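Student: One line per chain: the protein sequences are A and B, in this order.
Its first residue numbered 1, the first sequence is counted upward by one per residue in the working numbering.
Its first residue numbered 533, the second sequence is counted upward by one per residue in the working numbering.
A virtual CB, placed ideally from N, CA and C, is assigned to each residue, including glycine.
Just so we're clear, the structure is a prediction, and the values are computed from it rather than from any experiment.
Let me give you the structure first, and then I'll get to my questions.
Number of protein chains: 2
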Amino acid sequence: MDSDFPNWLKDQPLVQSLTVELVRPSLEDNAGDMDRLVRALSRPEAPPVTIHPSRMIEFCEKIRTSGFRCRTILGFTGMSCEILDILPVSSEDPVLGFAVDLGTSSLVFRLIDIGKRAIVREIAVRNPQIQYGEDILSRILFARSAQGRKILRTMLVDACSRAMRDCLDLTGLRAENVYALSCAGNTAMTHFFWGVDASNICREPYIPAANNFPVGRAVDLGFDLFPNALLYTFPNVGSYVGGDIVSGILAAGVHRSGSPRMLIDVGTNAEVVLGNAEWLIACAGAAGPALEGGVVARGMQAVAGAIDRVRIDRRTLQPEWRVIGGGKPAGICGSGLIDLIAEMFSAGIVTVQGKFDRSIRNPRLRSTPDGLAYVFALAGETPEGEELAISEIDLGVFLKSKAAMYTILSIIVGKVGLRFEDLEEISVAGTFGNRIDPEMAVRIGMIPDLPREIYRGIGNSSLLGAAMLLMDRTLLDEVNRVRNRITYIELNVDAALMSEFRGALFLPHTNRRLFPSVLCGRDYPAPDGNGK
Amino acid sequence: MDSDFPNWLKDQPLVQSLTVELVRPSLEDNAGDMDRLVRALSRPEAPPVTIHPSRMIEFCEKIRTSGFRCRTILGFTGMSCEILDILPVSSEDPVLGFAVDLGTSSLVFRLIDIGKRAIVREIAVRNPQIQYGEDILSRILFARSAQGRKILRTMLVDACSRAMRDCLDLTGLRAENVYALSCAGNTAMTHFFWGVDASNICREPYIPAANNFPVGRAVDLGFDLFPNALLYTFPNVGSYVGGDIVSGILAAGVHRSGSPRMLIDVGTNAEVVLGNAEWLIACAGAAGPALEGGVVARGMQAVAGAIDRVRIDRRTLQPEWRVIGGGKPAGICGSGLIDLIAEMFSAGIVTVQGKFDRSIRNPRLRSTPDGLAYVFALAGETPEGEELAISEIDLGVFLKSKAAMYTILSIIVGKVGLRFEDLEEISVAGTFGNRIDPEMAVRIGMIPDLPREIYRGIGNSSLLGAAMLLMDRTLLDEVNRVRNRITYIELNVDAALMSEFRGALFLPHTNRRLFPSVLCGRDYPAPDGNGK
């Protein structure tokens, strides 16, 4: 699994099991059965213990049949500790929860054994809403009608149900023992999930229907799977900064740091957060698709069959690569692409301008229907017998993405009067956050040239933050504090952007002083071109 | 209507209408639509504003369609102010609530216009559960099975639905505008209402399934009538002191008084509360049926057709009576019965021992199949042509009831070291609380011989308390404080009871010094028998 829980979490899980032996009824103590249980579970320092009205009959019965000894499952609703279930005292059923990342492209589910603080399993599926638009904007348009919203919502909830059921089946665990769903997504996805109108997200003044969502029951959102489960939704900051970012901040610990830290989340969008325990700023920009492998002709997500590591021989220009899950490569993912371009640059195949060096004569560099291209996997090496190549068009698209990323980072740091050197840690999240090699990303000028150890891959930070909430109910308040502390910076209206961006379109940058280690790097070809 | 709301209620209704104009969305203020509404409705001193998850879609839509100006209905759930409805700003719909008295024999519904602090209408129906037992014990036995509980519950909820729908139809008001149901009943009725097992109420150590019930939604209890309504249930103190008594205490204001006060609730049981702002004691005893008119052969409840006032000519022994609603008498209710017996006693028809004076020769006193009886309505005077008479058996039963009542009052006052003279006020509640003539009740020794003005008829106190809760949400806390302050005194296990009881079986009592005004009363026959 991607990541363990940070050690600063409090030991107050959102849902917990509490076994109590009640004082037996007597003439001296006329508390009712249920009142007796509530009394036994109440703690002066904890929120009041409540029961959902629909469970009264069942629970009252269970207290008697259990002989006044029961194992209760208590869930935090934000205002009270609700009795979610009463089990026999002998029950050893686990207390389970799902952390859910509602991504535009993928839905990821992490099944957590809350009692054991352990990740049981993780499962990811394609977001079926893609059939109504790869990009979120098409879906928002589709969901302008109540009918459209209903379709998208049902589709989403059904896909989530199926995936979580599959995950449970694979582990032999039961849906009845799932007591909490903790969900984080971007603003539009959260709207689709709740079925509320998302159309104002992309219409000036860009005001969502809701940033905060109530703690509900899974049934309220149409899940018929988890009769007992509470459902938490991470709040959005606004149309461009969603609950996934809030969750990511929690995961990266940016909000607790004394010194400034940065969180870079490269998903379908690039989202960047900068801040510390006192302030947080966030911005988002369209940097992602190329980085995620979505634009290059043979690009793909970081799943089995994707090339995720590339090295190129300086002399022969032959590539070597690693394939996720082993076997033949079906395509290349974001981290593979970063490696590929960094290595092409280091080997002199690609110039500072991001063009192929046309003086090179090598069978790997040849004309294709898309123009000149570097073939990084031959037809015979792929499962379908089609070669994998990167064209100058692909290169151009990629450079725009990496330039956008660098520009965003540069602007956001400048906005608050800091320099990159002031950053204590940079967490890189996203589907390929863990796979990215900072060395390579620096070499192409995608991220600033800082000591490599300040970069930390944290994987799916949205999912991690959601999972953390399951383990520590005090984060529910923390989430709101973090949310309220975030200032969103609109980059699209910023004039500084374009000049920064133009310089960043080069490899690594027009301003070489920004990348001192790249110029001196072991692999970087000296001007005399020993790698050619 | 029986009673107005006391003037000490705070002006903080359980449900209130609040019209707000929201700050319009702008680039400067990225609060979501719903967050904008919540912000506008929030008050630092009030509980947090919440939305039920199932209403998110509808409410988000309404905020936009209303053009950011809406009339909201806010209901207090005990922990939060929940948005129960969003109406057009032009809406003049009333904010309605029902107070419900869940009585063993009758279900009474008072429709309140909460916004206007006005009682709209009241309606009472027979409790249909009577078919499973007149007395609550038979019903408890019937409800031992889950099946039985379901039958009783469905029957009750259906009868309530029908009655409230009828009440709304009669007034031309709509169920959608009913936002709260405030229900009070005895412990068993509350259990039947919630569908929880009542069988331990009558089994040592007499511990109910629950004394406190959550604030729910009407739908949680099976009402399909009030989509928006919150449902409040008065908590029970224990098996023998139910929410109806707690509600009654509120209505009588016993809990706020500096000096001791008493509340006598004569329903199917006689329930008595004694206390002040610092302490409250309660006891219950089987005194009711006869007093309520349920035991005497032609006894009936205080409804149209019942004799509720009787005077007897000292010379001719001819009765004069008043019939509720006018017309011919179909029977006699509790207050009529008290009058009748007091007058028979005053006229010398009945002796101090509670027997007919067999020396009397009068056509009204004659042999019947039930033995010697006094005919208070001739066959020709009744709608069905059957004479109404009271037999010595009836008299005996009645005397036991009145003796039980006096004994209860006497014991409870003695328990706390007080005398009757220390009482500041005695509220008489119950179906005939308002109709009872203290003068007559004192004359037969049913209630202590105190200045008549300390007696106050407050009608259905359970219903009044329930209605008060609709008008003042701070009572929700008050109710719990009152509930926790009540000490229940078990009379059945008290040895003092029997000796007190024996003396009270006489008219007015063996100890005449307890009833000085009766001995000196204008109507009371002198020993020389001027009324004979």
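#1: What is the rounded straight-line gap between the Cα of Pro235/A and the Cα of Arg483/A?
#2: Below 9 Å between beta carbons is the criterion; list the residues of the segment 194 to 216 of chain A that meet it against any residue of chain B, in chain order.
#3: Bridge partners of Gln548/B, per DSSP?
#4: Do Ala377/A and Ala99/A have their beta-carbon atoms positioned less than 9 Å apart in this structure?
#5: Suppose the cutoff is 8 Å on Cβ atoms and the five residues either side in sequence are ignored; what does the same chain contact list for Gly658/B look like?
#6: Skipping 5 residues on each side, what residues in its chain have a beta carbon closer than 6 Å to that of Asn894/B?
#7: Taking the DSSP output, what are the residues bridged to Asp617/B?
#8: Does the beta carbon of Thr50/A come closer than 9 Å to any beta carbon on chain B?
#9: Using a beta-carbon distance cut-off of less than 9 Å, what residues from the segment 353 to 373 of chain A approach chain B?
#10: Give a yes or no on whether 9 Å exceeds the smallest Cβ distance from Cys60/A to chain C.
#11: Using beta-carbon positions only, say whether Gly654/B and Arg642/B come within less than 9 Å of one another.
#12: Taking 9 Å as the cut-off, decide whether the C-beta atoms of Gly354/A and Leu514/A are in contact.
#13: Using a cut-off of 9 Å between C-beta atoms, extract the partners of Met56/A located in chain B.
#14: Quick check for students: name the residue ranges of the beta strand (DSSP E) that lie wholly in the segment 242 to 312 of chain A, counting only runs of 3 or more.
#15: Within 10 angstroms of the Cβ of Ser401/A, are there 16 or more other Cβ atoms? Answer buried if so, exposed if not.
#16: Return no unless some Cβ of chain A is closer than 9 Å to the Cβ of Arg575/B.
#17: For a contact meaning CB atoms closer than 7 Å, what does Met79/A contact in chain B?
#18: Among the candidates Pro585/B, Ser693/B, Ile739/B, Arg596/B, whose CA atom is the shortest distance from the CA of Gly195/A?
#19: Which of the three DSSP states is assigned to Thr1019/B in this structure?
#20: Is there a C-beta anywhere in chain B that falls below 9 Å from the one on Met300/A?
#21: Just the C-alpha distance for Ile447/A and Gly610/B, rounded to the nearest angstrom, thanks.
#22: Which stretch, first to last residue, makes up the alpha helix (DSSP H) that contains Glu957/B?
#23: Residues of chain B with a CB under 9 Å from the CB of Gly238/A: which are they?
#24: Can you give the Cα-Cα distance for Met687/B and Leu669/B, rounded to whole angstroms?
#25: Would you say Arg314/A faces chain B, with C-beta separation under 9 Å as the test?
#26: Give the C-beta separation of Ala802/B and Arg793/B to the nearest angstrom, bearing in mind that I take them to be a contact with Cβ-Cβ under 8 Å.
#27: With 9 Å set as the bound, which would you pick, yes or no: does the beta-carbon of Ala650/B sit closer than that to a beta-carbon of chain A?
#28: How would you list, in chain order, the residues of chain A whose beta-carbon sits under 9 Å from the beta-carbon of Tyr1020/B?
#29: Could you pull the DSSP bridge partners for Phe1004/B from this structure?
#30: Kindly indicate which three-state DSSP category Gly903/B falls into: helix, strand or coil?
#31: Please determine if the segment 690 to 698 of chain B and the segment 29 to 45 of chain A are in contact, where contact requires at least 3 C-beta pairs separated by less than 8 Å.
#32: Do the segment 66 to 73 of chain A and the segment 754 to 772 of chain B make contact, defined as three or more Cβ pairs closer than 8 Å?
#33: Can you tell me whether Tyr772/B is helix, strand or coil according to DSSP?
#34: Identify whether Ile447/A lies in helix, strand or coil by the three-state DSSP scheme.
#35: Would the segment 983 to 998 of chain B count as touching the segment 775 to 782 of chain B if we require 3 or more Cβ pairs under 8 Å?
#36: Closer than 8 Å by C-beta to Arg890/B: which residues in its own chain qualify, once you throw out the five before and the five after it? Chain order, please.
Tutor: So, from the data block:
#1: 7 Å
#2: Against chain B - using a Cβ distance shorter than 9 Å - the residues of the segment 194 to 216 of chain A are Trp194, Gly195, Val196, Asp197, Asn200, Glu204, Pro205, Tyr206, Ile207, Pro208, Ala209, Ala210, Asn211, Asn212, Phe213, Pro214, Val215, Gly216.
#3: DSSP output for Gln548/B lists Leu606/B as bridge partner(s).
#4: no
#5: Looking at the sequence shown, residue 658/B is not Gly but Arg. Only Ser637, Ser638, Leu639 meet the Cβ criterion.
#6: Leu849
#7: Ile605/B
#8: Under the 9 Å criterion on CB atoms, Thr50/A is classed as interfacial with respect to chain B.
#9: Going along the segment 353 to 373 of chain A in chain order, one finds no residue with a Cβ nearer than 9 Å to chain B.
#10: Among the chains of the structure shown, chain C does not appear; the protein chains present are A and B.
#11: A quick correction: the sequence has Glu, not Gly, at residue 654/B. For Glu654/B and Arg642/B, yes; Cβs fall inside 9 Å.
#12: no
#13: Trp726, Gly727, Val728, Ala741, Ala742, Phe745, Pro746, Gly748, Asp752
#14: 261 to 266, 270 to 275, 280 to 285, 306 to 312
#15: buried
#16: no
#17: Met611, Ser612
#18: When each option's Cα is compared against that of Gly195/A, the closest is Pro585/B.
#19: strand
#20: no
#21: Roughly 52 Å between the two C-alpha positions.
#22: First-last for Glu957/B: 957 to 962, but that is the beta strand (DSSP E), not the alpha helix (DSSP H).
#23: Chain-ordered, the chain B residues with CB closer than 9 Å to the CB of Gly238/A read Asn562, Ala563, Gly564.
#24: Just so you know, the alpha carbons of Met687/B and Leu669/B end up roughly 17 Å apart.
#25: no
#26: No, Ala802/B and Arg793/B are not in contact; Cβ-Cβ is about 17 Å, not under 8 Å.
#27: no
#28: By Cβ distance, chain A contributes Asn30.
#29: Looking at the sequence itself, residue 1004/B is Asp, so the reference to Phe does not match. The partner list for Asp1004/B (beta bridge, DSSP) reads Gln544/B.
#30: The answer is strand: DSSP assigns Gly903/B an E or B state.
#31: Contact between the segment 690 to 698 of chain B and the segment 29 to 45 of chain A is not established, with fewer than three Cβ pairs separated by less than 8 Å.
#32: no
#33: coil
#34: coil
#35: yes
#36: Leu904
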